[in-house]
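Engineer: Before anything else, here's the structure in question.
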Amino acid sequence: MEQLKLKFKITYAMTLIFMSLQFTAQSQAAIALDRTRVVFDGSQKSISLNVTNENKNLPYLAQGWLEDEHGNKINNPLIVLPPVQRIEPGKSSQVKIQALPAAKKLPQDRETLYYFNLREIPPRSDKPNTLQLALQTRIKLFFRPKSIMQARADMATPWQEKLTLSRQGD
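Laid out in structure tokens, this is it:
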């Protein structure tokens, strides 16, 4: 009898869990980036990121900026252009991250870590007393100086193909 009660309680709890999962709303950002990290090649002047408005009905504003490894906003040695733009429903646009002359003063023997932030700003609701959320995406941006970039000749043959195995003994 005791075992039957326990089995009933477990079945009841599992049913409640599965029912609640069906009604859980999934949060989805309207503004989506085309990548999860950025490697900025020091030999380039800029890099472009594709930004898409996944919402098919409403235009959104996309606000982009950079932060250093401590979370402080920066405008030098890299800058985001345009800092704010309107993206129509279902359309795509580009955000450019451009190197300024101060990028030459960054360490040339290692990568420098930054964070690229993209905030979606929803349109004003015409209904009173509505809660609107502005979701934000934050991805890592690595500035890789030209001095540590591999030469194209090195990249043509990866180290795995240069590896040789030899057998010794039985």
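The opening residue of the sequence shown carries number 36 in the numbering used here; numbering runs sequentially from there.
Cβ atoms here follow ideal geometry from the backbone N, Cα and C, with glycine treated the same way.
Within the continuous beta strand (DSSP E) that includes E175, where are the two ends?
Structural biologist: Taking the sequence shown and counting its residues from 1, one reaches residue 175 at position 140. Reading off the sequence, residue 175 comes out as Lys, not Glu. Element bounds for K175: Q171 to R179.
Engineer: Please list the terminal residues of the continuous beta strand (DSSP E) segment that includes Q79.
Structural biologist: What you label residue 79 is simply residue 44 of the sequence shown in a count that begins at 1. Here Q79 belongs to no beta strand (DSSP E), and DSSP marks it neither H nor E.
Engineer: Are there 16 or more other CB atoms within 10 angstroms of the CB of A65, so buried, or fewer, so exposed?
Structural biologist: Taking the sequence shown and counting its residues from 1, the one referred to as residue 65 is at position 30. A65 comes out buried.
Engineer: Based on DSSP bridge pairs, tell me the residues matched to Y47.
Structural biologist: Against the sequence shown, residue 47 aligns to sequence position 12. DSSP output for Y47 lists no bridge partner at all.
Engineer: Between which two residues does the alpha helix (DSSP H) harbouring E196 extend?
Structural biologist: Translated into positions along the sequence shown, residue 196 becomes position 161. W194 to K197 is the extent of the alpha helix (DSSP H) around E196.
Engineer: Is it true that the CB of R173 sits closer than 8 Å to the CB of Q98?
Structural biologist: By 1-based counting over the sequence shown, the position of residue 98 is 63. By 1-based counting over the sequence shown, the position of residue 173 is 138. No, the pair does not count as a contact, with Cβ atoms beyond the cut-off.
Engineer: Measuring straight from C-alpha to C-alpha, what distance separates Q195 and I183?
Structural biologist: As a position in the sequence shown, residue 195 is number 160, starting the count at 1. As a position in the sequence shown, residue 183 is number 148, starting the count at 1. Using only the alpha carbons, I get a separation of about 20 Å.
Engineer: What runs of the beta strand (DSSP E), each 3 residues or longer, lie entirely inside the region 84 to 149?
Structural biologist: Taking only runs of at least 3 residues, the beta strand (DSSP E) segments lying wholly in the region 84 to 149 are 95 to 103, 113 to 116, 119 to 122 and 127 to 134.
Engineer: Apply the 10 Å Cβ neighbour rule to S177 and answer buried if 16 or more other Cβ atoms are within range, or exposed otherwise.
Structural biologist: Translated into the one-based positions of the sequence shown, residue 177 becomes position 142. For the record, residue 177 in the displayed sequence is Phe; it is not Ser. Exposed is the call here.
Engineer: Just the C-alpha distance for R72 and R159, rounded to the nearest angstrom, thanks.
Structural biologist: Counting from 1 along the sequence shown, the entry for residue 72 is found at position 37. Counting from 1 along the sequence shown, the entry for residue 159 is found at position 124. Computed Cα separation, rounded: 31 Å.
Engineer: Applying the criterion that 16 or more other CB atoms from any shown protein chain within 10 Å of the CB defines a buried residue, is Y95 buried or exposed?
Structural biologist: Taking the first residue of the sequence shown as position 1, residue 95 is located at position 60. Under this definition Y95 is a buried residue.
Engineer: For A67, write down the residues that DSSP places opposite it in a beta bridge.
Structural biologist: By one-based count along the sequence shown, residue 67 stands at place 32. A67 is bridged to T87.
Engineer: Please confirm if the region 75 to 86 is in contact with the region 39 to 55, defined as three or more CB-CB distances below 8 Å between the two stretches.
Structural biologist: These segments do not touch.
Engineer: List the residues that DSSP assigns as beta-bridge partners of R202.
Structural biologist: Numbered from 1 along the sequence shown, position 167 holds the residue referred to as residue 202. Paired residue(s): none; R202 is not in a bridge.
Engineer: Is the number of C-beta pairs between the region 128 to 148 and the region 41 to 50 that are closer than 8 Å three or more?
Structural biologist: Too few Cβ pairs lie closer than 8 Å, so no.
Engineer: If we ignore side chains and look at the alpha-carbon of each, how far apart do G106 and L148 end up?
Structural biologist: One-based indexing of the sequence shown puts residue 106 at position 71. One-based indexing of the sequence shown puts residue 148 at position 113. The straight-line gap from Cα to Cα measures roughly 11 Å.
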